[in-house]
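All remarks here apply to the structure that follows.
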Amino acid sequence: MRGRCASTAASAAGRSMATVAARRPRVVLLGTGWGANKVARALDKELFDVRVVSPTNHFLFTPLLPSTTVGTLEFRAVQEPVRTVPGLGEYYQAKAKALDLAARTVRCQDVFKDSEFSLDFDYLVIGTGCRTNTFGVPGVLERQGKEVFFLKQLSHARQIRQRILECFERAALPGTSLEERRRLLSFVVVGGGPTSCEFTTELYDFISNDVARWFPDLADDISMTLVEAGPPLPGAFVP
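Quick note on this note's numbering: the sequence shown kicks off at 1 and runs consecutively.
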């Protein structure tokens with residue numbers, strides 16, 4: 001008898017907890033950057049059902065991103081998986097495609113099969129960040145990932161690291177002309193902000209410390225150029 005009573009009480013408690021959980025307002029966060037990550041961790045999960053939607057499944061500590069392009073830091077050292085957020089209701093690796101504010105739903109598209117699904121919300125937090133502005137420079141978007149690289153995501157840093165090493169290996173091949181070597185080993189950084197200045201410094205240290213030992217015959221053919229429209233460097237920190 002006592003066993004049945006205890007079982008009944010536990011069952012009732014479980015239903016009660018499930019009812020309370022079901023009544024929690026749902027907060028949907030779009031993005032996993034600085035703002036969204038802070039909100040996801042700060043919200044009381046006993047009061048809110050927190051869901052995150054983002055094509056990027058980690059928070060990225062962007063100030064250290066330039067250091068990963070040349071191996072000063074490994075990629076895992078500058079990221080934290082979104083699923084480590086304590087009490088997180090759910091994470092969806094998808095893109096938000098449309099909002100219906102009247103119905104309080106967001107239409108999402110997963111990054112794997114492009115299938116779509118809808119997610120209801122009581123509160124919506126948009127922290128999707130922004131894209132790099134190319135200012136309409138011809139060829140930038142067309143050559144992105146080939147000779148042109150942005151530096152905002154881990155995937156960009158991986159591409160840059162791979163491209164830098166590829167350029168040195170190609171320049172070291174027998175039969176490579178002087179003109180081709182100098183073309184391959186010409187590195188141009190556009191923008192004088194914090195990320196550009198930090199990356200330029202990391203690249204200089206990499207060339208001075210590592211490349212000088214690995215490719216001593218190529219040292220005289222390397223060039224680095226930093227292009228910035230304004231005079232101060234880094235511009236974002238000049239009043």
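Cβ atoms here follow ideal geometry from the backbone N, Cα and C, with glycine treated the same way.
Would you mind stating whether residue 96 and residue 53 have Cβ atoms separated by less than 8 Å?
-> In contact: residue 96 and residue 53 (Cβ atoms closer than 8 Å).
From which residue to which residue does the beta strand (DSSP E) around residue 85 run?
-> Where residue 85 is concerned, there is no enclosing beta strand (DSSP E), given that its DSSP letter is neither H nor E.
CB residue 89 to CB residue 49, shorter than 8 Å?
-> Cβ atoms of residue 89 and residue 49: closer than 8 Å.
Compute the distance between the beta-carbons of residue 93 and residue 110, then report whether it is under 8 Å.
-> Yes; because the gap between Cβ atoms is below 8 Å, this pair is in contact.
Can you grab the Cα-Cα spacing for the pair residue 148 / residue 131, in whole Å?
-> Each residue's alpha carbon lies about 15 Å from the other.
Which of helix, strand or coil does DSSP assign to residue 44?
-> Per DSSP, reduced to three states, the secondary structure at residue 44 is coil, with no helix or strand assignment.
To which residues does DSSP link residue 123 through a beta bridge?
-> Answer by DSSP bridge pairing, in chain order: 27.
Straight-line Cα distance separating residue 55 from residue 83 | Spanning the two alpha carbons is a distance of roughly 13 Å.
Which of the three DSSP states, helix, strand or coil, is assigned to residue 32?
-> Reduced to three states, the DSSP call for residue 32 is coil.
Contact set for residue 58: own chain, Cβ-Cβ below 8 Å, skip 5 residues either direction = If the five residues before and after residue 58 are omitted, its C-beta is found closer than 8 Å to the C-beta atoms of 32, 79, 80, 81, 82, 154, all from its own chain and listed in chain order.
Check each candidate in 41, 204, 182, 165 and name the one with the smallest Cα separation from residue 189.
-> Measuring C-alpha to C-alpha distances from residue 189 to each of 41, 204, 182, 165 identifies 204 as the nearest.
What is the DSSP secondary structure of residue 216, reduced to helix, strand or coil?
-> In this structure, residue 216 counts as helix in the three-state DSSP scheme.
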